[in-house]
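Just so we're on the same page, this note's numbering is the position in the sequence shown counted from 1, plus 77.
Positions of the beta carbon are idealized from the N, C-alpha and C atoms, including for glycine.
Have a look at the structure below before the remarks.
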Amino acid sequence: MSHRGSRVLRLDALARVEGEAALHLVLHDGTVEEARLRIYEPPRFFEAFLIGRGHREPPDITARICGICPVAYQMTSCQAIERACGVTVGGPLAELRRLLYFGEWIESQSLHIHLLHAPDFLGHPSAVELARDQRAAVERGLRIKQAGNAIMEQLGGRAIHPINVRLGGFYRVPAPEELVPLGERLRRAHDDALETVRWVAGFDFPETVYDGPLLALQDPGRYAIDSGTPAVMAAGTGPDATSVRTFLTEEFDQHVVERQVPHSTALVSELDGRHYLTGSLARYAVSGRWLHPSALDAARSAGLGEPSAGAVCRNPFRSIVVRAVEVVHALAEALLIVEAYEPPDRPHIEVPPRRATGCAATEAPRGLLYHRYAMDADGNLTAARIVPPTAQNQAAIEDDLRRQLQSRLNVPGEPAGQEELTDLCERAVRNHDPCISCSAHFLDLTVERG
Numbered sequence: 078m079s080h081r082g083s084r085v086l087r088l089d090a091l092a093r094v095e096g097e098a099a100l101h102l103v104l105h106d107g108t109v110e111e112a113r114l115r116i117y118e119p120p121r122f123f124e125a126f127l128i129g130r131g132h133r134e135p136p137d138i139t140a141r142i143c144g145i146c147p148v149a150y151q152m153t154s155c156q157a158i159e160r161a162c163g164v165t166v167g168g169p170l171a172e173l174r175r176l177l178y179f180g181e182w183i184e185s186q187s188l189h190i191h192l193l194h195a196p197d198f199l200g201h202p203s204a205v206e207l208a209r210d211q212r213a214a215v216e217r218g219l220r221i222k223q224a225g226n227a228i229m230e231q232l233g234g235r236a237i238h239p240i241n242v243r244l245g246g247f248y249r250v251p252a253p254e255e256l257v258p259l260g261e262r263l264r265r266a267h268d269d270a271l272e273t274v275r276w277v278a279g280f281d282f283p284e285t286v287y288d289g290p291l292l293a294l295q296d297p298g299r300y301a302i303d304s305g306t307p308a309v310m311a312a313g314t315g316p317d318a319t320s321v322r323t324f325l326t327e328e329f330d331q332h333v334v335e336r337q338v339p340h341s342t343a344l345v346s347e348l349d350g351r352h353y354l355t356g357s358l359a360r361y362a363v364s365g366r367w368l369h370p371s372a373l374d375a376a377r378s379a380g381l382g383e384p385s386a387g388a389v390c391r392n393p394f395r396s397i398v399v400r401a402v403e404v405v406h407a408l409a410e411a412l413l414i415v416e417a418y419e420p421p422d423r424p425h426i427e428v429p430p431r432r433a434t435g436c437a438a439t440e441a442p443r444g445l446l447y448h449r450y451a452m453d454a455d456g457n458l459t460a461a462r463i464v465p466p467t468a469q470n471q472a473a474i475e476d477d478l479r480r481q482l483q484s485r486l487n488v489p490g491e492p493a494g495q496e497e498l499t500d501l502c503e504r505a506v507r508n509h510d511p512c513i514s515c516s517a518h519f520l521d522l523t524v525e526r527g
């Protein structure tokens with residue numbers, strides 16, 4: 078087909094993503110010359126207005142960064158400040174924190190799978206149309222999400238922006254009998270999650286590969302979520318591409334460098350000078366062998382290979398399968414915590430301030446989240462840095478868009494029209510589940526032909 082001349086494609090609002098963003102594409106003589114993901118929401122200056130706040134305040138303040146994954150911000154904030162103060166939270170309190178984090182994973186991943194991502198594979202413009210066609214699948218997804226919400230409400234006090242989290246632990250911890258109904262709900266949701274894996278594994282997945290570096294936490298012996306060391310799986314797809322190197326969380330700033338770009342209010346990150354991907358595909362590549370046995374079985378049955386042998390999935394379209402497997406893992410591990418729960422002696426330990434700097438990283442549903450804080454002797458913050466997953470993934474998403482579009486342009490036949498290009502671009506972005514903020518808009522595509 079002929080692609081002579083230039084075309085500028087402007088996708089003014091991306092649909093079924095959490096937040097507001099747009100896409101600017103420049104095509105010239107059949108080549109995709111530019112793909113810019115424009116995150117145009119106004120900056121919210123969280124790092125700036127944390128300065129001067131007391132060291133107990135960041136967990137509650139940073140939770141407001143995101144209504145979908147507030148626990149990720151709370152847990153990372155708590156750990157960074159606790160490390161600065163020389164405090165380690167362990168035992169039942171750490172397990173309760175992990176349980177709360179699982180609750181967020183369950184509800185967030187289920188939301189994306191069933192309401193935002195699955196319609197792409199089944200030919201529906203939204204979850205409303207999908208529910209008309211596959212009501213049982215959507216209802217199953219909502220039941221799973223409700224199980225995650227139940228954990229959030231039980232431990233966090235409410236499903237959105239939990240209010241029971243504090244430095245050193247919680248304001249209140251549950252009695253064992255309070256978790257019994259939760260256990261029963263998790264068992265039912267685990268069965269639903271296994272069915273969801275079977276469902277999404279049957280989708281039609283375009284063949285594509287992301288061959289850049291993958292960044293995720295590694296915590297040998299378990300699938301890293303709330304703790305671990307940053308680990309990088311090498312770029313490429315050859316035999317040597319499964320090698321993993323690690324660096325200390327305290328060295329994060331030396332490896333991950335943020336820069337401002339004109340087209341985005343989000344900073345763009347590079348890992349040792351290269352764009353990279355964090356999130357489900359990266360976690361599965363780095364830690365897949367440590368999934369819960371039921372999740373391992375689900376991954377094998379879904380065609381993801383043998384995780385215990387280091388299987389890697391680099392197809393962004395199949396990220397929906399990996400997320401479904403992660404939901405199985407989160408439910409199974411959450412149930413283990415509930416069944417073994419013994420209440421701690423007290424709901425929290427004290428975290429006295431001191432002049433120091435501390436940092437931490439955890440795995441939000443969308444990828445690695447990094448916080449670093451410096452404070453004076455009174456505990457007042459003097460510096461703050463927060464690096465969210467979507468900002469880290471922005472350059473990788475743009476690269477993925479270029480490759481997806483170029484592959485389509487190289488196919489002989491009729492030139493791609495506006496509707497097809499719009500659909501392709503939206504699907505490519507949604508593969509990465511970007512969390513830009515908390516709204517969804519329809520995407521309008523304008524094509525200017527030179």
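Query: Assigned exposure category for residue 442 - 16 Cβ within 10 Å defines buried; Result: buried
Query: Residues near residue 351 by beta carbon distance below 8 angstroms, same chain, minus five either side; Result: 289, 290, 312
Query: DSSP beta-bridge partners of residue 433; Result: 452
Query: Straight-line Cα distance separating residue 182 from residue 370; Result: 18 angstroms
Query: Whole-number beta carbon distance between residue 372 and residue 405, since they are thought to touch under 8 angstroms; Result: 4 angstroms
Query: Beta-bridge pairing of residue 292 - partner residues as DSSP gives them; Result: 309, 355
Query: Identified DSSP bridge partners for residue 457; Result: 131
Query: Reduced DSSP category for residue 332 - H, G, I as helix; E, B as strand; rest coil; Result: helix
Query: First through last residue of the beta strand (DSSP E) which encompasses residue 348; Result: 345–348
Query: Neighbourhood of residue 45 by C-beta distance below 7 angstroms, restricted to the same chain and skipping five residues each side; Result: Any property of residue 45 remains undetermined from this structure, which presents the chain solely from 78 to 527.
Query: Beta-carbon spacing of residue 151, residue 137 below 9 angstroms; Result: yes
Query: Beta-carbon contacts of residue 109 that lie in its chain and below 6 angstroms, excluding the five residues immediately before and after; Result: 479, 482, 483
Query: Any non-hydrogen atom of the ligand HEM closer than 8 angstroms to residue 348 Cβ; Result: Ligands are entirely absent from the displayed structure, and the ligand HEM is therefore not among its contents.
Query: Assigned exposure category for residue 78 - 16 Cβ within 10 Å defines buried; Result: Note that residue 78 scores 32 on pLDDT, short of 50, meaning its location in the model is unreliable; the coordinates nonetheless yield the value given after this. Exposed, by the Cβ-count rule.
Query: Cα-Cα separation between residue 161 and residue 431, rounded to whole angstroms; Result: 8 angstroms
Query: Backbone CA spacing between residue 207 and residue 216 [nearest angstrom]; Result: 11 angstroms
Query: Top-ranked residue by Cα proximity to residue 395, from 172, 281, 167; Result: 281
Query: Range covered by the beta strand (DSSP E) that runs through residue 322; Result: 321–323
Query: When 219, 147, 275, 273 are compared against residue 233, the one with the closest alpha-carbon; Result: 147
Query: Cβ-Cβ distance between residue 354 and residue 287 below 9 angstroms; Result: yes
Query: Whole-angstrom distance between residue 284 and residue 493, CA atom to CA atom; Result: 18 angstroms
Query: Cβ shell of residue 201 (< 6 angstroms), same chain only, five flanking positions each side left out; Result: 207
Query: Nearest-angstrom Cα separation, counted from residue 141 out to residue 107; Result: 44 angstroms
Query: Cα-Cα separation between residue 139 and residue 123, rounded to whole angstroms; Result: 7 angstroms
Query: Cα-Cα separation, residue 102 to residue 203; Result: 24 angstroms
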